[in-house]
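>
2 protein chains.
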Amino acid sequence: MFDNKERTDLDHLGEFGLIEHLTKAVELTEKSTVKGIGDDAAVLDFSGNKALVSTDLLLEGIHFDLRYVPLKHLGYKAVQVNLSDIYAMNGMATQITFSIGLSSKFPLEAVEELYAGALLACTKYQVDLVGGDTSASKQGLVISVTSIGYAKAEDIVYRNGAQEGDLVCVSGDLGAAYVGLQLLEREKRIFLENPDIQPDLEGKDYIVERQLKPEARRDIVQLLATLGVKPTAMIDVSDGLASEILHICNASGRGCKLYEEKIPIDPMAYDTAREFALDPTVCALNGGEDYELLFTINQADYGKLVGQADISVIGHITEKEAGCELISKSGNVHPIKAQGWNAFSS
Amino acid sequence: MFDNKERTDLDHLGEFGLIEHLTKAVELTEKSTVKGIGDDAAVLDFSGNKALVSTDLLLEGIHFDLRYVPLKHLGYKAVQVNLSDIYAMNGMATQITFSIGLSSKFPLEAVEELYAGALLACTKYQVDLVGGDTSASKQGLVISVTSIGYAKAEDIVYRNGAQEGDLVCVSGDLGAAYVGLQLLEREKRIFLENPDIQPDLEGKDYIVERQLKPEARRDIVQLLATLGVKPTAMIDVSDGLASEILHICNASGRGCKLYEEKIPIDPMAYDTAREFALDPTVCALNGGEDYELLFTINQADYGKLVGQADISVIGHITEKEAGCELISKSGNVHPIKAQGWNAFSS
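Protein chains in written order, with our numbering: chain A, 63 to 408; chain B, 63 to 408.
Okay, here's the thing in structure tokens:
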């Protein structure tokens, strides 16, 4: 995925040289960052606010395939995936640490791409990169990101606050990241069979981008604050709608009814799913990696969301005994089961 | 390293099952922990204090060799290595996140051992485990730890505060962890050549433990506070005395003179280094993994440290132009060079 004409071996730099080289572009702009990279630990000031901390591990061969994931996109996505967890608490992310384990097959230029993607995400989302660890890896590429953010105590939204009668809402659309993955996997197979064939991704920009370059929904957290809506429960959609609504229902001790016809699916994702003989609703339920926000609101807040095109009401919360159910377009009732994307292919 | 008689395959549990199983023993006792595992992010309250954040990546084949590192010790060490960075800021660690990437060769019982070691370190050092990520790994074992702690703004000690005339101090003793590693490597080679020969580590408990089960020096941070000594600069000894004193001198824009005869080396480490035809001083300078605290103090504070057997004064800070020098036992002057443990073998 990188141009081999320019290739600087990592061992020429050494660990400290590499860190210095990569981090010289890091700028600190968050006022809660007292001290960033360059000491044993970063120093942060959350004066009066609660601190939020989340961490993710991304491993080559499990979470990404370098045969079709550009490194800059990967760095960007690794940060987004993690920021998404802070937004899912109704908080604002302010700092990350970004750690990488690198095999010697990576030239410096490749690591720079990866890092540039991470820094782009930081700049765009106003987050300071304040630390990390850089190591050799005997295996594949290892990325570990920890996000730190803040919220006022009274603004934090947990998974366990959904009440009977609450409306279930989701931002954006679902399933496209999974359909985009199918597309990239197909083109990879074709490429491996015949390297002369160029990938046919024309007109599929949106769903490919949903897979390669997701955007965490900071804007939704800000929108809800502006509208004066505090969700009763919230989670980000990393494993798929089914898995996430079950997390909310289990944590809240409630059930739910979701309506298939209300689930927002992008038309291109819908059509492409059909091309692959996949049910678009199943892609939304079990595909994952959409990084949208799934949340519940008190019915009294419904009026505040009217006209918000980027938020869909897809169902409501019931008593626990009613279970978690999906009402299909034809009116059939299906129990919602968590599969997650690993089990999805079967 | 684990008993194969009891073997539960990880894929029977699934990711969420594994997390639930591993984290059910997690207890939260820190008053700054508002919410631990179980939501998108942990919630922490540092009311008035600065937050400290540090992160480390530990990779199989680079940082540890499972052929002689028991998993419980590895979990313990992974936490200690990371807490050490918080203590090196003169702060107290209060939370960690603990993420693991696991290949399918690990049975559940092995992961339990690893986790038990991490939790033992948490309990002993009064730290809450508040999150983490658990993933499959196609390669080896991956461990990522992020530590969070706090300090009052006026108590934080950076690397860059050393002044001319300050005394250079170090806790405990140096070089033993590296000598312990040589011992374990030798026993591994012997074992690989002839598996019937049992490891000969008798009487070497201390140096083997220094390698396998280091203890971060929270006690030194507490001791300095009790004595009313605030270091002017501080760092933990992870890469060796040479590398760390250069970090302090470079960050502070100063030079130093260290005295070989003052460097604390445990007698068993000294003798065993000699057995391996290694110079004990070189082990202290470049061996690393001692996780002692290296710090500088104002000369006026010297009297407060008299009689503290666990703290050695090993030199003093000079003007930058004088460079960083080691005065040998015979009175020769050597410039101090950072090698780190990777380059040490050459």
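By construction, the Cβ of each residue, glycine as well, lies at the ideal position given by its N, Cα and C atoms.
(1) Check distances from the C-beta atoms of the segment 254-276 of chain A to those of chain B and list, in chain order, the residues that come in under 9 Å.
(2) Would you kindly report the start and end of the unbroken alpha helix (DSSP H) that includes residue 78 of chain B?
(3) What are the boundary residues of the alpha helix (DSSP H) that residue 428 of chain A is part of?
(4) Just tell me which of B:137, B:124, B:118, B:82 has its CA closest to the CA of residue 181 of chain B.
(5) Of the residues A:304, A:210, A:302, A:363, which one's Cα is nearest the Cα of residue 154 of chain A?
(6) Using a cut-off of 7 Å between C-beta atoms, extract the partners of residue 221 of chain A located in chain B.
(7) Under a Cβ-count criterion, where at least 16 other Cβ atoms within 10 Å of its own Cβ denotes burial, should residue 336 of chain A be classed as buried or exposed?
(8) Do the segment 188-197 of chain B and the segment 118-131 of chain B meet, that is, are 3 or more Cβ pairs less than 8 Å apart?
(9) Where does residue 405 of chain A land, buried or exposed, given buried means 16+ other C-beta within 10 angstroms?
(10) Report the residues of the segment 294-317 of chain A with a CB closer than 7 Å to any CB of chain B, ordered along the chain.
(11) Identify the contact partners of residue 163 of chain B in chain A, using a Cβ-Cβ distance below 8 Å as the criterion.
(12) If we define contact as Cβ-Cβ less than 8 Å, is residue 90 of chain B a contact residue for chain A?
(13) Relative to chain A, which residues along the segment 220-254 of chain B have a C-beta separation below 9 Å, given in chain order?
(14) Looking at residue 349 of chain A: is its Cβ nearer than 8 Å to the Cβ of residue 239 of chain A?
(15) Three-state secondary structure (DSSP) at residue 493 of chain A?
(16) What separation, rounded to the nearest whole angstrom, lies between the Cα atoms of residue 112 of chain A and residue 248 of chain A?
(17) From residue 397 of chain A to residue 226 of chain A, what does the alpha carbon distance come to, in whole angstroms?
(18) Strictly under 8 Å for the Cβ-Cβ distance: is residue 208 of chain A near chain B by that measure?
(19) Can you say whether residue 61 of chain B is buried or exposed, counting buried as having 16 or more other CB atoms within 10 angstroms of its CB?
(20) Quick one: Cα of residue 269 of chain A to Cα of residue 331 of chain A, how far?
(21) At a Cβ threshold of 8 Å, is residue 406 of chain A touching chain B?
(22) Quick one, are the C-beta atoms of residue 409 of chain B and residue 385 of chain B less than 8 Å apart?
(23) For residue 83 of chain B versus residue 75 of chain B, is the C-beta distance shorter than 8 Å?
(24) Measure the beta-carbon distance from residue 217 of chain A to residue 291 of chain A and round it to whole angstroms, keeping in mind my assumption that it falls under 8 Å.
(25) Helix or strand or just coil, what does DSSP make of residue 203 of chain A?
(26) Out of A:96, A:274, A:243, A:94, point me to the one whose CA is closest to residue 139 of chain A's CA.
(27) Need the endpoints of the beta strand (DSSP E) that residue 381 of chain A sits in, please.
(28) In the DSSP assignment, find the beta strand (DSSP E) that holds residue 350 of chain B and state where it starts and stops.
(29) Name the one or two DSSP bridge partners that residue 210 of chain A has.
(30) Please name the residue in A:356, A:370, A:102 whose C-alpha comes closest to that of residue 230 of chain A.
(31) Going by alpha carbons, who is nearest to residue 81 of chain B out of B:97, B:170, B:94?
(32) So with Cβ pairs under 8 Å, would you call residue 151 of chain B a contact of chain A?
(33) Just to confirm before moving on: does the CB-CB distance between residue 183 of chain A and residue 244 of chain A stay below 8 Å?
(34) Rounded C-beta distance between residue 97 of chain B and residue 104 of chain B? I'm assuming under 8 Å.
(35) How about residue 173 of chain B: is its C-beta nearer than 8 Å to some C-beta of chain A?
(36) Residue 324 of chain B to residue 87 of chain A, Cα distance in whole Å?
This is what the structure gives:
(1) Contact annotation: in the segment 254-276 of chain A, no residue has its CB less than 9 Å from a CB in chain B.
(2) Residues 76-85.
(3) Nothing in the structure corresponds to residue 428 of chain A, since chain A is present only between 63 and 408.
(4) B:137
(5) A:210
(6) Near residue 221 of chain A (Cβ distances below 7 Å), the residues of chain B are 101.
(7) Residue 336 of chain A is exposed by the Cβ-count criterion.
(8) no
(9) Note on residue 405 of chain A: pLDDT 30, under 50, position unreliable in the model; the coordinate value appears next. With fewer than 16 other Cβ atoms within 10 Å, it is exposed.
(10) 297, 298
(11) 119, 121, 124, 204
(12) no
(13) 220, 221, 222
(14) The Cβ-Cβ distance between residue 349 of chain A and residue 239 of chain A falls below 8 Å.
(15) Residue 493 of chain A lies beyond the range of chain A shown here (63 to 408); nothing can be said about it.
(16) 45 Å
(17) Near 18 Å, if we compare the C-alpha coordinates of residue 226 of chain A and residue 397 of chain A.
(18) yes
(19) Lying outside 63 to 408, the shown extent of chain B, residue 61 of chain B is not represented and no answer is given.
(20) 6 Å
(21) Residue confidence is low: residue 406 of chain A scores 27 on pLDDT, short of 50, so the model does not pin down where it sits. No coordinate-derived value is stated.
(22) Because residue 409 of chain B is not part of the residues shown, which for chain B are 63 to 408, the question remains open.
(23) yes
(24) 11 Å between Cβ atoms; not a contact.
(25) coil
(26) It is A:274 whose Cα lies nearest to the Cα of residue 139 of chain A.
(27) 373-381
(28) Per DSSP, residue 350 of chain B belongs to no beta strand (DSSP E) and is neither H nor E.
(29) A:115, A:157
(30) A:356
(31) Among B:97, B:170, B:94, the Cα nearest to that of residue 81 of chain B belongs to B:170.
(32) By this cut-off, residue 151 of chain B is an interface position.
(33) no
(34) 6 Å
(35) no
(36) 41 Å
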